[in-house]
Each structure stands twice: as C-alpha cells, then as structure tokens.
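Chains as they are written, first to last, in the working numbering: chain A, 1 to 99; chain B, 1001 to 1195. Contents: one structure, followed by commentary.
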C-alpha cells in the first residue's frame, strides 16, 4: 500500500472515533446512555478503531505474507480472548463466593 | 529475477518474524489488561479511577499518539518514494510527538504520586501503573529505535532491505498506537465508568 489517500482517511477516521468515545465517556447522559450501554458502545468503538488501524496503518497484509500474518494474528486474538474473558469470568465467581 | 524473488522472500520472512514478536507482545499486554480489569475495583480505601483520571490530559495523549502514527505512516510513504529529506522530516515530527506523549504520561504519573496515589497504594493502582508504564516503556524504546533509523535514512541508500528495517520500526510504532486505543477505551473509559 504505497498511496497517500488511505493514510489520510485512516487518520480522519481514528480522530473522529476517539473524539466520539471521549464525549461518551465524560457525558454518557447526553447520549441517553446508562453506564452499561456506554461501556458497551465504547468497547465497540475501540474494536472499530483497532480495525481502522489494522487496515490503514498496520500494512502487513500484502499479497505474499497475508496468510501467515493473518493466521498468527487470529490465533493470538483467540489466546487473548481466552486469557482476558476467562480471567474476568473466574475472578468474578471467586469474588462472589467469598462474600 | 531469481535473486529478486529470493530477496523478497527474505524480507517477507523478516517481517513475519517481527510480526510474531509483536503478537507475543500483544499477549503480554492482554495479561496486563486482564489483571487491570480484575483488580480495578480493589482500591483498598484509596482513591478510585473516578477521583484520579484527568480527561483532558488523556484525550491530548491519545490525539498526540494517533497523529504520530499518521506522521510515521507519511514518513514510510516518503521512504517508499525515495524522498529522504521528507522521510526524515516526518520521522522527526513523529519523534517529537512521541516525546511529548511521554512527557504528558510521566507528568500524569508524577501528579498521581504527588496525590499519594502511587503503585504502592492499592491493587488498582499497581495494575494501572504496570499496564500504562509497560506501554510507556515500549514508547521509549520505539523512540530510541526511531533515532537510529533516522540516521540510517540520512547515511545509507534506501535499498530494499533498508526499507524493510524502517518498515519494521514503523510497524512497531503503529502497534503501540493499536495498544493505546485499548488503554484509552478500557482503562480510562470503561474503568472510569465502572469505578
């Protein structure tokens, strides 16, 4: 990807997403959200933002290396999901049972 | 022809190896994130995220880092076009933005410690400082690497393996930006709402 326009588009998108997330964090009431909805929306914005970064800036997806790079990325994401999700799950239950 | 293909393959293999390293780094960050999410309510009677986080600073840091990612990618664009002085100019801009990011982050840390909210105060603050501090350390190392690469651009011709080295540095920088997005949303965002 040796062009200029994707870089500019990616930058504009990432700024817009950050500013939107910022206003939702400091003023969830303004968007008619309670804390739970706000947290979910912020997380979804973070996922969109990270996809923007992956597509426009982290350019390891060119023809030849794509399969290997993508493969290791997907397996890492699944490891991360296991580590983070199950830590939260187990620790919440432990916490609950301690009371 | 054959020689070029071989060179292409070596470059691709190096990028792949570096990408594997970045993914293991991502696992470290994931473990620290899990740690923070589990511990963020354990304030031990000390200050919580609601009282401590200063949002204008956090937004400034985020915008600085996003902009530095953009200037870094413009630097890479100039490297592909063999425009040496433009490349160095964009990497200097990236470097200065990185330094100012580190300055904001360290002054935030100093401010927290001055308020008595150091890493020794509670499990919440230990996990916060470990996660954000590890990211800051990566930024520092990225800055050192950037200095080396700027000298390389200035002194050596931009042949293929040289471009690949600079590409890996840029990849590292974008990766740090990628991690920061999650620090911004999870630590300062969700951690703040659920403090």
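Just so it is clear, CB atoms sit at the ideal spot from N, CA and C, and this is done for glycine as well.
message = In this structure, how does DSSP classify residue 1042 of chain B when only helix, strand and coil are distinguished?
response = coil
ask   = So, is the C-beta of residue 55 of chain A closer than 8 Å to a C-beta in chain B?
value = no
key: Residue environment, residue 14 of chain A, which counts as buried when at least 16 other CB atoms sit within 10 Å   = buried
query = Alpha carbon to alpha carbon, how far is residue 1186 of chain B from residue 1054 of chain B?
reply = 15 Å
Any chain B beta carbon closer than 8 Å to residue 73 of chain A = yes
task = Determine the burial state of residue 31 of chain A: buried for a count of at least 16 other Cβ atoms within 10 Å of its Cβ, exposed for fewer.
result = exposed
request  = Could you tell me which of B/1173, B/1163 and B/1030 sits nearest to residue 1080 of chain B, measuring between CA atoms?
outcome  = B/1163
task = Quick one: using the 10 Å Cβ neighbour count with 16 as the cut-off for buried, is residue 1001 of chain B buried or exposed?
result = For residue 1001 of chain B, the predicted model reports a pLDDT of 49, less than 50, meaning its position is unreliable; a value from the coordinates is still stated below. With fewer than 16 other Cβ atoms within 10 Å, it is exposed.
message = How far does the alpha helix (DSSP H) with residue 1088 of chain B in it extend, from its first residue to its last?
response = 1084-1114
key: Chain-ordered neighbours of residue 43 of chain A on chain B, where CB pairs are closer than 9 Å   = 1185, 1186, 1189 and 1190
ask   = Using a beta-carbon distance below 8 Å, is residue 1143 of chain B in contact with chain A?
value = no
ask   = Near residue 69 of chain A, which residues of its chain fall below 6 Å by C-beta distance, leaving aside the five closest residues on each side in sequence?
value = 60
inquiry  = Between which two residues does the alpha helix (DSSP H) holding residue 73 of chain A run?
reply    = 66-98
query = Could one say the Cβ of residue 1021 of chain B lies closer than 8 Å to chain A's Cβ atoms, at least one of them?
reply = no
request  = Please report how far the alpha carbon of residue 1078 of chain B lies from the alpha carbon of residue 1166 of chain B, in whole angstroms.
outcome  = 11 Å
ask   = The alpha helix (DSSP H) spanning residue 1126 of chain B covers which residue range?
value = 1123-1155
message = Restricting to Cα atoms, I'd like to know which of A/81, A/53, A/40 and A/79 is closest to residue 9 of chain A.
response = A/53
ask   = Run through DSSP, which three-state label would residue 1167 of chain B get?
value = helix
ask   = Quick one: is residue 1196 of chain B near chain A, going by C-beta distance under 8 Å?
value = Because chain B is modelled from 1001 through 1195, residue 1196 of chain B falls outside the range shown and cannot be assessed.
request  = Identify each residue in the segment 1049-1082 of chain B for which the Cβ-Cβ distance to at least one residue of chain A is less than 7 Å, and report them in chain order.
outcome  = 1055, 1059, 1062, 1063, 1066, 1069, 1070, 1073, 1074, 1077 and 1080
ask   = With 8 Å set as the bound, which would you pick, yes or no: does the beta-carbon of residue 1016 of chain B sit closer than that to a beta-carbon of chain A?
value = yes
query = With distances taken between CB atoms, is the gap from residue 1046 of chain B to residue 1117 of chain B smaller than 8 Å?
reply = yes
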